[in-house]
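K.L.:
Residue 35 is where the sequence shown starts when you use the working numbering, and the numbers rise one by one after that.
Heads up, the beta-carbon is just placed ideally off N, CA and C, and yes, glycines get one too.
All values reported here derive from a predicted model rather than from experimental measurement.
For reference, the structure I am asking about is given below.
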Amino acid sequence: MSVPYELRCRECKKTWANQPKAVCDFCFAPLEVVYDYDAIRKNLTREKIASREPDLWRYRELLPLPEGFSPQVRPGYTPLVYARKGGERIGSRSLFLKNDAVCFPTLSFKDRVVSVALAQARAFGFNTIGCSSTGNLANSVAAHAAKLGFDAWIFIPSDLEPAKILGTQVFGAKLVRIGGNYDQVNRLCSQIADEHNWGFVNVNLRPYYAEGSKTVGYEIAEQLGWRLPDNVVVPMAGGSLITKIRKAFDELVTLGLVEAKPVKFFGAQATGCSPISSAVKAGRAEIDPQKPKTIARSLAIGNPADGIYAAKAIRSSGGHAEDISDPEIVAAIRDLAETEGIFTETAGGVTYGVTRKLIEQGRIHPEELTVTCITGNGLKTTDVLADQFEYEEAISPRYVQFQEYLAAALARSGAEGAKLPAVVGAPEVPGMAQVASA
Ligand SMILES: *Cc1c(COP(=O)(O)O)cnc(C)c1O
Ligand SMILES: [Zn+2]
């Protein structure tokens with residue numbers, strides 16, 4: 035290879051240099067970025083990575099960045115937390131949470147993909163950028179555009195959560211609400227990208243965008259002390275993230291940065307939009323598109339672009355896919371908040387709830403090191419919890435009033451508040467110091 039990286043067709047393997055292009059002209063298969071790994075192996079070490087700033091640019095050799103690129107936004111390197119109580123509640127003694135609910139700048143893992151896609155957008159000469167989005171991508175593209183000086187046009191299905199709409203508008207982006215579902219919005223964006231000279235991060239820039247997801251995988255390995263977990267549970271919308279975590283682990287093995295080890299990949303969806311998990315469960319290679327109907331709107335893609343690759347990655351790893359209902363998603367959000375102090379959006383409820391289901395099914399063993407990906411922040415989807423809690427009348431600011439209130443509250447809750455969950459020792463994990471300081 036004479037260049038550090040270039041686009042290549044996933045099926046016919048024809049190369050396409052570097053350009054805003056997502057699909058092969060010959061076989062219509064998606065393009066992906068491939069690298070000159072021999073060149074990278076020569077000068078990338080664990081120590082070199084560890085000496086860099088705690089953001090996703092610490093893996094810059096493994097990202098498609100134009101020469102002379104200098105980052106202005108610094109997403110990534112989110113905490114990997116050992117979930118003692120959260121694991122205990124669902125039957126795991128070795129559960130870790132990759133917490134992208136606190137990814138910067140817009141509190142979801144989408145900040146990773148947008149940062150990487152926009153490095154190329156500039157190099158390709160785009161002044162206007164855009165996306166079709168189920169919400170988080172909209173927030174991230176709008177924020178990045180503000181900081182980097184692009185005009186932004188964002189296209190969304192009209193039924194998105196209010197916080198995700200406001201969290202796009204606040205950055206000054208043009209927001210176009212479409213009376214249709216994500217798949218219809220996405221088709222429209224393909225047409226717009228063809229007609230205008232605009233860089234759509236998940237349409238004509240998609241191969242570059244998708245590479246940003248790999249950084250979740252690099253971080254998991256680094257934060258575990260440069261080793262791979264036994265299992266990863268990943269939420270699936272278009273199915274890109276799960277395939278890219280797999281690619282990241284494979285690359286680290288290729289480069290000699292971690293030891294090879296079988297990792298099982300588990301995909302998580304909401305039952306109301308489960309085209310990939312349905313295919314995996316039925317043992318079908320094809321993905322049947324669905325009409326989404328779920329509160330997990332960030333995952334509501336009925337016709338997933340990378341669905342067949344996601345299903346393939348899951349099956350060939352010996353993993354599985356599952357889905358849970360909307361009430362189960364809400365229960366999982368609450369369980370995670372109560373046990374780990376992490377407030378995730380619906381997509382995180384999906385992965386945590388599906389992790390529980392996979393443990394109950396015996397597909398994930400309690401002692402295996404399992405990483406569950408939390409990809410978004412609960413403050414963006416508070417609407418799904420609206421009927422979950424009482425909105426109490428205010429009491430007057432007097433101590434006697436509080437005494438009465440306390441007596442009534444104790445009478446209501448009975449003795450249940452006195453019971454604390456049993457303490458389980460943390461498993462031995464080399465490299466835990468890094469986890470704790472992350
Ligand atoms: C987009 C998104 C995903 C899934 O991404 P894909 O790569 O399309 O499968 C997961 N979680 C959240 C919160 C997202 O916004
Ligand atoms: Zn091809």
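1. Figure out for me which residue from L239, A347, K391 has the closest Cα to the Cα of V150.
2. Could you please give me the residues that DSSP links to K132 through a beta bridge?
3. Can you give me the C-alpha to C-alpha distance between C43 and P241, rounded to a whole angstrom?
4. Exposed or buried, which one is R86 when buried takes at least 16 other CB atoms within 10 Å?
5. Rounding to the nearest angstrom, what Cα-Cα distance links N52 and V67 in this structure?
6. Quick check on Y69: does DSSP put it in helix, strand or coil?
7. Using the Cα positions of A371 and D59, report the straight-line distance between them to the nearest angstrom.
8. Entirely within the region 318-403 and at least 3 residues each: give me those beta strand (DSSP E) ranges in chain order.
9. Beta strand (DSSP E) containing P164: first to last residue?
10. Return the chain-ordered list of same chain residues with a C-beta closer than 7 Å to the C-beta of Q203, the five sequence neighbours on each side being excluded.
11. Is K55 a contact residue of ligand 2, with contact defined as CB to any heavy atom under 7 Å?
12. If you run the structure through DSSP and keep just helix, strand and coil, what is C43?
13. Name the one or two DSSP bridge partners that F299 has.
14. Relative to ligand 1, is the shortest distance from any of its heavy atoms to the C-beta of F143 smaller than 7 Å?
15. Leaving out five residues on either side along the sequence, give the residues of the same chain with a beta carbon under 8 Å from the beta carbon of P338.
16. In chain order, what residues place their C-beta within less than 6 Å of a heavy atom belonging to ligand 2?
17. Following a CB-centred definition, is S332 positioned closer than 7 Å to any heavy atom of ligand 1?
18. What does the alpha-carbon distance come out to for the pair R94 and A172?
19. Using three-state DSSP, classify R211 as helix, strand or coil.
20. With which residues is W187 paired in a DSSP beta bridge?
21. Where does A304 sit, in a helix, a strand or coil, going by DSSP?
22. At the level of alpha carbons, what is the spacing between A324 and I348?
23. Is it the case that the region 256-267 contacts the region 155-162, given that we only count it when at least three CB pairs across the two stretches are under 8 Å?
24. Taking buried to mean at least 16 other C-beta atoms within 10 Å of its own C-beta, is F377 buried or exposed?
25. Among all the DSSP beta bridges, which residues are the ones paired with V57?
26. With the cut-off set at 8 Å, would you say I163 and F184 are in Cβ contact?
27. In the DSSP output, what is F234 paired with across the bridge?
28. Label E229 either buried or exposed according to how many other C-beta atoms from any shown protein chain fall within 10 Å of its C-beta, with 16 as the threshold for buried.
29. Using 8 Å as the threshold, is the region 415-435 in touch with the region 291-309, meaning 3 or more CB pairs across them?
30. When DSSP labels each residue in this structure, what does T49 get in the three-state scheme?
31. How would you call R123, buried or exposed, if buried means at least 16 neighbouring beta carbons within 10 angstroms?
32. With DSSP run on the structure shown, which of helix, strand or coil describes S247?
33. Leaving aside the five residues before and after G201 along the sequence, list all residues of the same chain whose C-beta is less than 6 Å from its C-beta, in chain order.
34. Beta-carbon within less than 6 Å of Y69's beta-carbon, same chain only, minus the 5 sequence neighbours each way: which residues are those?
35. Specify, as a first and last residue, the run of the alpha helix (DSSP H) that R146 falls within.
P.N.:
Walking through what the data contain:
1. Nearest in C-alpha terms to V150, of all of L239, A347, K391, is L239.
2. Its beta-bridge partners are L114, C407.
3. When rounded, the separation of the alpha-carbon atoms in C43 and P241 is 10 Å.
4. Per the 10 Å Cβ criterion, exposed.
5. Rounded to whole angstroms, N52 to V67 spans 9 Å at the Cα level.
6. Strand at Y69.
7. Going from the Cα of A371 to the Cα of D59 covers about 47 Å.
8. Annotation note: the region 318-403 contains the following uninterrupted beta strand (DSSP E) runs of length 3 or greater, listed N- to C-terminal: 354-358.
9. At residue 164 the sequence reads Gly, which differs from the Pro that was named. It spans 162-166 - the beta strand (DSSP E) in which G164 sits, taken as one unbroken run.
10. Excluding sequence positions up to five before and after Q203, its CB lies within less than 7 Å of the CB of L209, all in the same chain and listed in chain order.
11. K55 Cβ: outside cutoff for every heavy atom of ligand 2.
12. In the displayed model, C43 falls within a strand according to three-state DSSP.
13. Answer is V266.
14. Yes, ligand 1 has a heavy atom inside 7 Å of this Cβ.
15. The beta carbon of P338 lies closer than 8 Å to those of M270, A271, G272, G273, P309, I310, I321, A344 in the same chain, with the five residues before and after it left out.
16. Selection around ligand 2 by beta-carbon proximity, strictly under 6 Å to any non-hydrogen atom, yields C43, E45, C46, K48, C58, F60, C61, A63 in chain order.
17. The answer is yes for S332.
18. Computed Cα separation, rounded: 24 Å.
19. The answer is strand: DSSP assigns R211 an E or B state.
20. For W187, which the question treats as bridged, DSSP gives the partners G164, K208.
21. Strand, per DSSP.
22. Inspection of the sequence shows that residue 324 is occupied by Gln rather than by Ala. In a straight line, the C-alpha of Q324 is about 20 Å away from that of I348.
23. Per the Cβ contact rule, the region 155-162 is not in contact with the region 256-267 (fewer than 3 Cβ pairs under 8 Å).
24. Buried, since its Cβ has 16 or more Cβ neighbours within 10 Å.
25. Looking at the DSSP assignment, V57 forms a beta bridge with P64.
26. Inclusion of I163 and F184 in the CB contact set at 8 Å is warranted, their separation being smaller than that value.
27. For F234, which the question treats as bridged, DSSP gives the partners G164.
28. Classification of E229: exposed, given that the 10 Å Cβ count is below 16.
29. As far as the Cβ criterion goes, the region 415-435 does not touch the region 291-309, which means the pair count is below three.
30. Strand at T49.
31. Per the 10 Å Cβ criterion, buried.
32. Three-state DSSP puts S247 in coil, outside helix and strand.
33. Correct list, in chain order: N173.
34. Around Y69: Y39.
35. Start and end: 144-157.
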